[in-house]
Each structure stands twice: as structure tokens, then as C-alpha cells.
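Under the working numbering, the letters of the sequence shown match residues 20 to 338, in that order.
Ideal placement from N, C-alpha and C gives every residue a C-beta, glycine not left out.
See below for the structure under consideration.
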Amino acid sequence: MELVKMDIANFNLTFGKEQMPMLNHFEDFLLPALKMDYVREKQDNSFSFNSIKVIDTDNGFALTGIIIKDTRLEVRSIIDKEGNLVETDREHPSAPYSFFCVFLKNHRMIFVPNQKGSPNLVSFSATVNLFLYEYRRRYNLSREKDGKPTRLPIYQLNIVGIPSKRNIKAAIQKVDKVNKMKLRFYPLNGEDLDLANVALSKIRELSVTRNYVDSNTGGVTFNSPKDLDNVANLMEGLGGTVDSTLFVTLKDGGKGQIKNQQISEKIQVQIPTKHVIDEVAPLIEKAGKLETITTVSSENQKNYKKFLPKIREIFSSFL
């Protein structure tokens, strides 16, 4: 049995000045963009998508695929049979990958690296963003040449790890003090914060104010928060709907930051083989038992129901 780590995140994608939810342009924008024959170049690495499809799960339809990092591993020294360090100059091609699954009902997602060196959530986000940008550029240029008025809208992409209270507290225990807590707002896919929590309702009001003044992003900063338990409670309660960062002083006097990606929920899952792509079913089954994955806001439920007939058509095309 192999043990793999599964990241839980929020795949937040909105379109246009109206901040339309992801499903509004799923068929004509997001899906074809990820299926596009294109590569993102980053230093000596190339990133691309493969096996993009829509599947049916116990938690509704989902977008799945793999992101591949095409790279070359340099070997400059090895230990020989006698235990001596020997210099060498070799290169080996390698293509580590990660599996992802975005649940269309609430845009929560799982992200599972296959091995060391596999793409992480940061490189995944950057690659999705570039593919969307390039697909939109090509599509709109083609429409312009043909004299057709329809254009793909601007978009806002924010892929944020969903913090785990356990991970937050573990990270905070390693610091001397929190100097600043910074929250960054961005357009949401119909996500509802738990307004029963007074603190979260106030944060929600600030996020709504961003819409009121017609701003795509915004933020708030809390200086030197002392109640670290409530800092952890707030970060957990926001559930990846706000990008949060703690600026801290470490116990050795150094400065540091604690970001969402570092404290996002990670679930360990045992699979029978070393290849994640062959064990998709148990990974999705495990995810389907997590509250962070199954929670669906009323707005998300309504939007999903609206586009369900079209999603079923898309799903059928992959059979």
C-alpha cells in the first residue's frame, strides 16, 4: 500500500464584471481551455494538462484531469559501490504529475501529487490561469477576424487551499507572536459564509462592500492579534473563501509568513499502487466523506441545478 497526500482547496473562477459563477462559462471557456493543445513554460519545466473529462460521482458531476510537469533531472554526483562520492554528468527525463478533481456543485476540489517533484497547487493555479488567458486571447482574436461580436469575458481565478484548524494551530505554536493578519477578498462562486458566526458575518459584510464600490479585490488587516485561538477559528471558518496570510515573528527572532497553502487541509489516503492515476475512484470516495467537500451553499445548489442538463450532455460526450 502507498500513502499519498490529498490537498483540499477552493477552485474559485468568475467571469465578467458581473462576476458570473464558473458554470456560466464552463462549456465554452473553462473546459476547452484545459483541453487545449498548449504548454506553459517555466524555467526548465513545461506544464500541460491531460485526461481532462467530466465524471459522475456520489457528490454530483466533477471535472477531473492531471497536470504534468515535463522536466529533466540532473545527476551531478553519485555514491559508488565502495561508498565513494563520484562526480558524474547525467540527465534523466521525468514527467511527475498530479491528479485533480473539481466538484461542479460547489467548486471544492482535491489535488493529489503522485510523487516528489509533482506539480503543487501554486503551479496548478498558474497553469490554469495561463491556459484561460491564452484560450481567451485566441478565441477573441478569431471572432474579431471573422467579424463576429461574441467574445469570451474577462475572468478572475483564485485557487485557495482550505485551512485546517489543526494545521493552523500547529503552525501558530511555532511562532513567538502574530504581527499582522491580512485577509484578501476576491469574487466568489456563489459561496455563502456561515452568517451564524458573528465574526464571519462581519467579514462577509466587508466582502459585500467590495461589490458595492465595484472593486474586484479588497482586503482588511488586523494588527497584532492576541487571541490566537480565535485567529485559528476565523481562518478555519473562512474555508478558503478569503485568502489569508499571517505575518509572524518566529521563536528564534526571525520573521515569517503563514499562508493558506501552508496550512490547507491535507488528507492522507492509502492506495494499492504507486500510481495515483490508477486509483482515482478511492480518492474521490474518500473526498466525498469530507464535510469541506460536501458542503454546498444555496446559491451554488441553485446554479448547479440550472446548468445540470448541459452538464449531463457534456458528461455523455466523454462516455
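- Message: For a quick check, are the C-beta atoms of V131 and L302 less than 7 Å apart?
- Response: yes
- From P322 to S142, what distance separates their C-alpha atoms? Before going further, note that residue 322 is Asn rather than Pro in the sequence given. Whole-angstrom Cα-Cα distance: 29 Å.
- E21 lies in the beta strand (DSSP E); which residues open and close that run? E21 to F34
- Task: Have a look at I286 and K164 and give me their C-alpha separation to the nearest angstrom.
- Result: 49 Å
- Message: Assuming K325 is part of the beta strand (DSSP E), what are its boundary residues?
- Response: It is not in any beta strand (DSSP E) - K325 instead sits in the alpha helix (DSSP H) that spans S317 to S336.
- Message: With a threshold of 7 Å between beta carbons, is A81 in contact with chain C?
- Response: Judged by its chain identifiers, the structure shown contains no chain C, having just a single protein chain.
- Taking buried to mean at least 16 other C-beta atoms within 10 Å of its own C-beta, is E255 buried or exposed? buried
- Simplified DSSP assignment, three categories, for L212: Annotation note: pLDDT 48 at L212 (below 50); position unreliable, no value reported.
- Between D248 and K188, what straight-line distance do the alpha-carbon atoms span, to the nearest angstrom? 8 Å
- Task: Helix, strand or coil for M55, going by three-state DSSP, please let me know.
- Result: coil
- Touch test, the region 235 to 243 against the region 197 to 211, Cβ-Cβ under 8 Å, three pairs minimum: yes
- Task: Take S96 and list the residues in its own chain whose beta-carbon comes closer than 7 Å to its own, dropping the five residues that flank it on each side.
- Result: L104, V105, E106 and T107
- Query: Which word fits I86, buried or exposed, when buried means at least 16 other C-beta atoms lie within 10 angstroms of its C-beta?
  - Reply: buried
- Item | Alpha-carbon to alpha-carbon, F48 and M41 | 9 Å
- Throw me the rounded Cβ distance for the Q280 and V267 pair, which I believe falls under 8 Å. In fact, because the Cβ distance is near 16 Å, the residues do not count as touching under 8 Å.
- For the candidate residues N208, T314 and Y154, whose alpha-carbon lies nearest to that of L32? When each option's Cα is compared against that of L32, the closest is N208.
- Taking only runs of the beta strand (DSSP E) that begin and end inside the region 244 to 280, which ones reach a length of at least 3 residues, in chain order? 262 to 269 and 274 to 278
- Message: Closest to F119 by C-alpha separation, out of K245, A28 and F326, would be which residue?
- Response: A28
- For S70 and Q62, the rounded distance between their alpha carbons: 25 Å
- Message: Using CA atoms only, rank isn't needed, just tell me which of Y116, V232, K24 and I74 is closest to I296.
- Response: By alpha-carbon distance to I296, the top candidate from Y116, V232, K24 and I74 is Y116.
- Task: At 4 residues or longer, and completely inside the region 117 to 176: list those alpha helix (DSSP H) runs for me, N to C.
- Result: 140 to 164
- Task: Please name the residue, chosen from D271, K329, N159 and H126, that lies closest to K193 on a Cα-to-Cα basis.
- Result: D271
- Any idea which residues DSSP pairs I286 with across the strands? M25
- Between which two residues does the alpha helix (DSSP H) containing P311 stretch? Here residue 311 turns out to be Thr, not Pro, going by the sequence shown. Going by DSSP, T311 is part of the alpha helix (DSSP H) stretching over E310 to T313.
- Task: Please determine, among I178, Y158, G180 and I181, the residue with the shortest C-alpha to C-alpha distance to P172.
- Result: Y158
- Cβ neighbour criterion (16 or more within 10 Å) applied to V197: buried
- Item | Whole-number beta carbon distance between E284 and P182, since they are thought to touch under 8 Å | 7 Å
- Ordered along the chain, which non-local residues of its own chain (more than five positions away) have a Cβ less than 8 Å from that of E46? K329 and I333
- Quick one: grab the DSSP three-state call for N186. N186 falls in the helix class under three-state DSSP.
- Three-state secondary structure (DSSP) of I87: strand
- Give me whichever residues DSSP pairs with D75 in a beta bridge. F80
- Query: Opposite K305 in the DSSP bridges: which residues?
  - Reply: Answer is none; K305 lacks a bridge partner.
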